[in-house]
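A.B. asks: Input: one structure, supplied below.
Number of protein chains: 2
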Amino acid sequence: MPRVIVDVLPKAEILDPQGQAVARAMGRLGVSGVADVRQGKHFVLDVDDSVDDAELERIAETLLANPVMEEWVVRREGNGGQ
Amino acid sequence: MPRVIVDVLPKAEILDPQGQAVARAMGRLGVSGVADVRQGKHFVLDVDDSVDDAELERIAETLLANPVMEEWVVRREGNGGQ
C-alpha cells in the first residue's frame, strides 16, 4: 500500500513557540551550534492506489494543516519503508 | 548554514491517538482510501558546521524524541531548501 508523507510547518513569518522552547532548552543543556529550531507535524498515511495527488492535497489542506498559519509538503514514498 | 530534519513518530507498537483521530475525521468527512494515519513531529534545525552526526543523534534522543515511546530519523539537507 502506497505510503504518503505530509510535513507541516508554521509559516516563516509566524511565531513558533514550540521551536523556540526547544532552542532555549538546548542553550540551558549546553548544546551549542544550533542557531534555530522550528517544530511542525509529521504525518504518515497509508493510502489506496485510488487516492490521487489532488485528493492528497485536499486532505493535507483541510485536515492536516491550517493554511492560514502553516505550510506543508506532500510526498509519496514508493517503497514500504519509512 | 546546514539544515537538519528530524522526524519523530510513535513506535509502531505504541497507540497513536492523534493519528487515529485524524483517520476517524477523514471517515466522517467522506474521505475514502486512507487506511491508516500516524502523527508525529517534524523538526527543522539550522546548525553550524561544527555539529557532527553524533551530536545530532544526542540532540534528537534527549531533546526532540522520547526513546521509550518514539522513534526518529535524522537527515541532513545539503541545500537551504525545505
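Just so you know, the sequences run in chain order U and V.
So for the first sequence, our numbering puts the first residue at 3; every next one is plus one.
So for the second sequence, our numbering puts the first residue at 3; every next one is plus one.
Yeah, the Cβ is synthetic: ideal placement off N, Cα and C, and Gly gets one too.
Once DSSP output is grouped into helix, strand and coil, what is the label at V:Asp51?
C.D. replies: Numbered from 1 along the second sequence, position 49 holds the residue referred to as residue 51 of chain V. Here V:Asp51 sits in coil by DSSP.
A.B. asks: Could you check how far apart the C-beta atoms of V:Val39 and V:Val24 are, in whole angstroms? I think they sit under 8 Å.
C.D. replies: By one-based count along the second sequence, residue 39 of chain V stands at place 37. By one-based count along the second sequence, residue 24 of chain V stands at place 22. The pair is a contact, with the Cβ atoms about 5 Å apart (cut-off 8 Å).
A.B. asks: In three-state terms, what does DSSP make of V:Ala56?
C.D. replies: In the second sequence, residue 56 of chain V corresponds to position 54, counting from 1. Reduced to three states, the DSSP call for V:Ala56 is helix.
A.B. asks: Going by C-alpha to C-alpha distance, which of U:Phe45, U:Asp18, U:Ile61 sits closest to V:Leu31?
C.D. replies: Looking up residue 31 of chain V in the second sequence gives position 29. Ranking U:Phe45, U:Asp18, U:Ile61 by Cα distance to V:Leu31 puts U:Ile61 first.
A.B. asks: Flag this pair as yes or no: are the beta carbons of U:Leu58 and U:Phe45 separated by less than 7 Å?
C.D. replies: Residue mapping note: residue 58 of chain U aligns to position 56 of the first sequence, counting from 1. Residue mapping note: residue 45 of chain U aligns to position 43 of the first sequence, counting from 1. For U:Leu58 and U:Phe45, no; Cβs fall outside 7 Å.
A.B. asks: Is it right to say U:Asp18 is buried, meaning 16 or more other beta carbons lie within 10 angstroms of its own, or is it exposed?
C.D. replies: One-based indexing of the first sequence puts residue 18 of chain U at position 16. Buried, since its Cβ has 16 or more Cβ neighbours within 10 Å.
A.B. asks: Quick one: measure Cβ to Cβ for U:Ile7 and U:Glu63, integer angstroms, because I've assumed they're closer than 8 Å.
C.D. replies: Locating residue 7 of chain U in the first sequence gives position 5, where the first residue counts as 1. Locating residue 63 of chain U in the first sequence gives position 61, where the first residue counts as 1. In fact, because the Cβ distance is near 16 Å, the residues do not count as touching under 8 Å.
A.B. asks: On the DSSP letters alone, give me the boundaries of the beta strand (DSSP E) that U:Val75 sits inside.
C.D. replies: Sequence index remark: in the first sequence, residue 75 of chain U carries index 73 (1-based). Run containing U:Val75: 72 to 79, per the beta strand (DSSP E) assignment.
A.B. asks: Leaving out five residues on either side along the sequence, give the residues of the same chain with a beta carbon under 6 Å from the beta carbon of U:Lys43.
C.D. replies: Residue mapping note: residue 43 of chain U aligns to position 41 of the first sequence, counting from 1. Excluding residues within five positions, the ones whose Cβ falls inside 6 Å are Val10.
A.B. asks: Is V:Ser52 near U:Gly35, with beta carbons less than 7 Å apart?
C.D. replies: Start at 1 with the first residue of the second sequence, and residue 52 of chain V comes out as number 50. Start at 1 with the first residue of the first sequence, and residue 35 of chain U comes out as number 33. Against a cut-off of 7 Å, the Cβ pair of U:Gly35 and V:Ser52 comes out as a contact.
A.B. asks: Pull up the DSSP beta-bridge partners for V:Gly21, would you.
C.D. replies: Here residue 21 of chain V refers to the residue found at position 19 of the second sequence. According to DSSP, V:Gly21 bridges with nothing at all.
A.B. asks: Looking at the structure shown, is U:Gly29 part of a helix, part of a strand, or coil, going by DSSP?
C.D. replies: For the purposes of this step, residue 29 of chain U is identified with residue 27 of the first sequence, where counting begins at 1. In the structure shown, U:Gly29 sits in a helix (DSSP, three-state: H, G or I).
A.B. asks: Give me whichever residues DSSP pairs with U:Lys43 in a beta bridge.
C.D. replies: For the purposes of this step, residue 43 of chain U is taken as residue 41 along the first sequence, with counting starting at 1. Looking at the DSSP assignment, U:Lys43 forms a beta bridge with U:Val10, V:Lys43.
A.B. asks: Please return the same chain residues whose Cβ sits closer than 7 Å to the Cβ of V:Asp48, not counting the five positions on each side in sequence.
C.D. replies: Position 46 of the second sequence, counted from the start, is the residue given in the question as residue 48 of chain V. Met3, Arg5, listed in sequence order.
A.B. asks: Mapping the DSSP letters down to three states, classify V:Ala67 as helix, strand or coil.
C.D. replies: By 1-based counting over the second sequence, the position of residue 67 of chain V is 65. Looking at V:Ala67 - three-state DSSP - the assignment turns out to be coil, as it is neither helix nor strand.
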